[in-house]
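Residue numbers for the sequence shown follow the working numbering, so the first one is 15 and each next one is one higher.
Note that CB positions come from ideal geometry on N, CA and C, so glycine has one too.
Notes follow the structure.
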Amino acid sequence: MARAKIQYICQNCGTIHSRWAGKCDSCADWNTLVEEREGGSIGNGPLKSTVSKGHAVTLTNLASNIEYAPRISSDIAELDRAIGGGFVRGSALLVGGNPGIGKSTLLTQAAAALARKGHNVVYVSGEEAAAQIQLRAQRLGVSDTPVQLAAETNAENILATLIQSKCPDLVIIDSIQTLWSDIADSAPGTVTQVRLGTQAMIRFAKKTGATVILVGHVTKDGQIAGPRVVEHMVDAVLYFESEGGHHYRILRTVKNRFGATDEIGVFEMSDKGLCEVSNPSELFLGERNHNTLGTAVFAGMEGTRPILVEIQALVASSSLGMPRRAVIGWDSNRLSMILAVLEAHCGVRFGNHDVYLNIAGGYRIAEPAADLAVAAALISSIAGVVLPLDCVYFGEISLSSGIRPVSYAIQRLKEAEKLGFKQAVMPRLGSDKIKSPLRLDEMDKLLETVAQITASNPQQKKIPSARR
15 MARAKIQYIC
25 QNCGTIHSRW
35 AGKCDSCADW
45 NTLVEEREGG
55 SIGNGPLKST
65 VSKGHAVTLT
75 NLASNIEYAP
85 RISSDIAELD
95 RAIGGGFVRG
105 SALLVGGNPG
115 IGKSTLLTQA
125 AAALARKGHN
135 VVYVSGEEAA
145 AQIQLRAQRL
155 GVSDTPVQLA
165 AETNAENILA
175 TLIQSKCPDL
185 VIIDSIQTLW
195 SDIADSAPGT
205 VTQVRLGTQA
215 MIRFAKKTGA
225 TVILVGHVTK
235 DGQIAGPRVV
245 EHMVDAVLYF
255 ESEGGHHYRI
265 LRTVKNRFGA
275 TDEIGVFEMS
285 DKGLCEVSNP
295 SELFLGERNH
305 NTLGTAVFAG
315 MEGTRPILVE
325 IQALVASSSL
335 GMPRRAVIGW
345 DSNRLSMILA
355 VLEAHCGVRF
365 GNHDVYLNIA
375 GGYRIAEPAA
385 DLAVAAALIS
395 SIAGVVLPLD
405 CVYFGEISLS
415 SGIRPVSYAI
425 QRLKEAEKLG
435 FKQAVMPRLG
445 SDKIKSPLRL
455 DEMDKLLETV
465 AQITASNPQQ
475 KKIPSARR
């Protein structure tokens, strides 16, 4: 009888080593290699000494007609938007987020909504007892829905239960880090157990057509714990985000095989659970303080949704040898680039000033179209000029101080018009085809924007110049 092959797997990154070492060669972490015997996967039985010949599979072509089952709508519009219009049958989704952010609350509400529509929903929890889930359902007001509950962590037992019962339409596993299999000897939460549990649930979803949602823990860096191969195995990956001290949550899609990526759903946490926010722009602009220096409204995009958000900047004199640069909600390297362009091409000196930048409401911006709004907020703060309250800004700034055009300009302008804005500062190139009731100030260079802001108020303080 052949001996079982022994391998050593890093519990941090999942790299497989042929021999033990104190330090992983891939992630450079110490004491993370664990000895595991190579075996089969769930559903295939243990590793066999003989290899089967296999059998032929049915082939098809791209032109063949394939009937797809319709999506299952959860009746939670923000959730359906994030996943592309509803749950796809036979798909596997991975939802991650910080502890206590509301993952279980959202999934409980979604399970109850689908159960009310007559779908068979199974909620399997490895962290809570069934009584605890019932208490949450009572708090959310959904305890009367026919959602089936189970408290189990063994993957084989879960599969046997799902197979024997009526084929479910939706299965929620909370969480994937609690599952364990008899095949592997390692503890729950290790790389091998997480991979085996994910493979089992995905195989069940593809075979039966049920939608499987896996809840994943996150590390201190904000990444879903376990091997990154799990994110490649599932069909969609969603992150539940929130900044400390804020009562709203953002469900962000970073991968979706059946829809667009970079979509978001916005929710507000209340004592009755998560409430949908149909117009996030009003949420992010609802607490604007009029006649405030250093504030500019950015017309941004998240997937296919336009969002208006306030950018706040504070430029203050500094007595330190190295002035502070603090950024919340934006890329700090991008801020350094904007400051360098303003100083090199526009003659504005920030070397003796502390610079603080904040995206209002704890929102995070990733697109470079926010460059122009950030620059306008910085100039407003350092020059002492209040920007117009009915004006929005968007445009990418190049290293030569040029303002480059960005995509979805029409959608950005329509959102600004809907919220009552009258003016937009935007790039010149490509704007000749745009028809909008807003007054469009088209700019080629950043220096034009600086001149426009400083000329709007003759009583402003003098801007520190980098040129003598």
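Less than 8 Å between the CB atoms is what I'm expecting for residue i and residue j, so what's the real figure, rounded?
{"i": "Thr-254", "j": "Val-369", "result": "The sequence shown places Phe at residue 254, rather than the Thr named in the question. Going by Cβ atoms, the distance from Phe-254 to Val-369 rounds to 31 Å, so no, they are not a contact pair."}
{"i": "Lys-323", "j": "Leu-371", "result": "This sequence places Val at residue 323; Lys is not what is there. That pair is no contact at about 13 Å."}
{"i": "Leu-184", "j": "Leu-128", "result": "6 Å"}
{"i": "Ile-485", "j": "Val-208", "result": "The displayed coordinates of the chain run from 15 to 482. Any statement about residue 485 would go beyond what the structure contains."}
{"i": "Leu-228", "j": "Ile-187", "result": "5 Å"}
{"i": "Leu-297", "j": "Val-280", "result": "7 Å"}
{"i": "Val-48", "j": "Ile-23", "result": "6 Å"}
{"i": "Gly-325", "j": "His-367", "result": "The amino acid at residue 325 is misidentified as Gly; the sequence shows Ile. Incorrect: roughly 17 Å between the Cβ atoms, too far for contact."}
{"i": "Phe-408", "j": "Phe-312", "result": "6 Å"}
{"i": "Leu-120", "j": "Ser-295", "result": "The pair is not a contact, with the Cβ atoms about 22 Å apart (cut-off 8 Å)."}
{"i": "Leu-93", "j": "Leu-265", "result": "7 Å"}
{"i": "Gln-162", "j": "Val-135", "result": "7 Å"}
{"i": "Ala-224", "j": "Leu-210", "result": "Not confirmed; about 19 Å, so no contact."}
Helix, strand or coil for residue i per DSSP?
{"i": "Lys-117", "result": "helix"}
{"i": "Asp-94", "result": "helix"}
{"i": "Arg-418", "result": "strand"}
{"i": "Asp-249", "result": "coil"}
{"i": "Ile-216", "result": "helix"}
{"i": "Arg-123", "result": "Per the sequence shown, residue 123 should be read as Gln rather than Arg. Here Gln-123 sits in helix by DSSP."}
{"i": "Lys-428", "result": "helix"}
{"i": "Val-341", "result": "strand"}
{"i": "Met-336", "result": "coil"}
{"i": "Gly-211", "result": "helix"}
{"i": "Lys-67", "result": "coil"}
{"i": "Thr-225", "result": "strand"}
I'd like to know whether the C-beta atoms of residue i and residue j end up nearer to each other than 8 Å.
{"i": "Leu-392", "j": "Ala-327", "result": "yes"}
{"i": "Gly-104", "j": "Lys-220", "result": "yes"}
{"i": "Ile-352", "j": "Asp-385", "result": "yes"}
{"i": "Ala-169", "j": "Trp-194", "result": "yes"}
{"i": "Lys-459", "j": "Ser-415", "result": "yes"}
{"i": "Val-406", "j": "Leu-349", "result": "no"}
{"i": "Arg-403", "j": "His-304", "result": "Here residue 403 turns out to be Leu, not Arg, going by the sequence shown. Yes, Cβ-Cβ distance for Leu-403 and His-304 is below 8 Å."}
{"i": "Thr-122", "j": "Val-156", "result": "yes"}
{"i": "Thr-554", "j": "Ala-250", "result": "No answer is possible for residue 554: it lies beyond the span of the chain, which begins at 15 and ends at 482."}
{"i": "Gly-317", "j": "Ile-278", "result": "yes"}
{"i": "Met-215", "j": "Val-226", "result": "yes"}
{"i": "Thr-192", "j": "Thr-167", "result": "yes"}
Suppose you measure from the CA of residue i to the CA of residue j; what does that come to, to the nearest Å?
{"i": "His-261", "j": "Val-291", "result": "12 Å"}
{"i": "Ser-179", "j": "Asn-293", "result": "41 Å"}
{"i": "Ala-492", "j": "Gly-365", "result": "Any answer about residue 492 is impossible in this case: the structure gives the chain only from 15 up to 482."}
{"i": "Leu-334", "j": "Leu-454", "result": "41 Å"}
{"i": "Ser-331", "j": "Arg-271", "result": "50 Å"}
{"i": "Ser-412", "j": "Ala-390", "result": "15 Å"}
{"i": "Asp-158", "j": "Ala-96", "result": "27 Å"}
{"i": "Thr-212", "j": "Ser-346", "result": "36 Å"}
{"i": "Met-457", "j": "Gly-111", "result": "40 Å"}
{"i": "Asp-43", "j": "Ala-201", "result": "19 Å"}
{"i": "Trp-344", "j": "Glu-381", "result": "9 Å"}
{"i": "Leu-427", "j": "Gly-99", "result": "25 Å"}
{"i": "Ala-469", "j": "Glu-462", "result": "10 Å"}
{"i": "Ser-55", "j": "Ser-40", "result": "Caution applies to Ser-55, whose pLDDT of 46 falls short of 50 and renders its modelled position unreliable; the model cannot decide the point."}
{"i": "Ala-480", "j": "Val-464", "result": "The pLDDT assigned to Ala-480 is 46, lower than 50, so where the model puts this residue is not dependable, and the model offers no usable value."}
{"i": "His-31", "j": "Glu-141", "result": "31 Å"}
{"i": "Ile-172", "j": "Cys-27", "result": "27 Å"}
{"i": "Ser-87", "j": "Ala-106", "result": "15 Å"}
{"i": "Leu-452", "j": "Arg-418", "result": "20 Å"}
{"i": "Gly-398", "j": "Pro-441", "result": "24 Å"}
{"i": "Ala-91", "j": "Cys-289", "result": "10 Å"}
{"i": "Glu-410", "j": "Ala-383", "result": "5 Å"}
{"i": "Gly-132", "j": "Ser-284", "result": "27 Å"}
{"i": "Ser-63", "j": "Glu-50", "result": "Caution is warranted here: a pLDDT of 45 is assigned to Ser-63, below 50, making its placement in the model unreliable, and the coordinate value is therefore given only provisionally. So the alpha carbons of these two residues sit roughly 18 Å apart."}
{"i": "Val-102", "j": "Thr-29", "result": "32 Å"}
{"i": "Ile-448", "j": "Ala-274", "result": "25 Å"}
{"i": "Ala-430", "j": "Pro-182", "result": "44 Å"}
From the DSSP output, which residues share a beta bridge with residue i?
{"i": "Ile-162", "result": "Correcting the residue identity first, residue 162 is Gln in this sequence and not Ile. DSSP lists Val-136 as partners of Gln-162."}
{"i": "Asn-168", "result": "Trp-194"}
{"i": "Tyr-262", "result": "Glu-282"}
{"i": "His-367", "result": "Ser-331"}
{"i": "Pro-441", "result": "Met-457"}
{"i": "Pro-320", "result": "Met-315"}
{"i": "Asn-372", "result": "Gln-326 and Ile-342"}
{"i": "Tyr-377", "result": "Paired residues: none, contrary to the question."}
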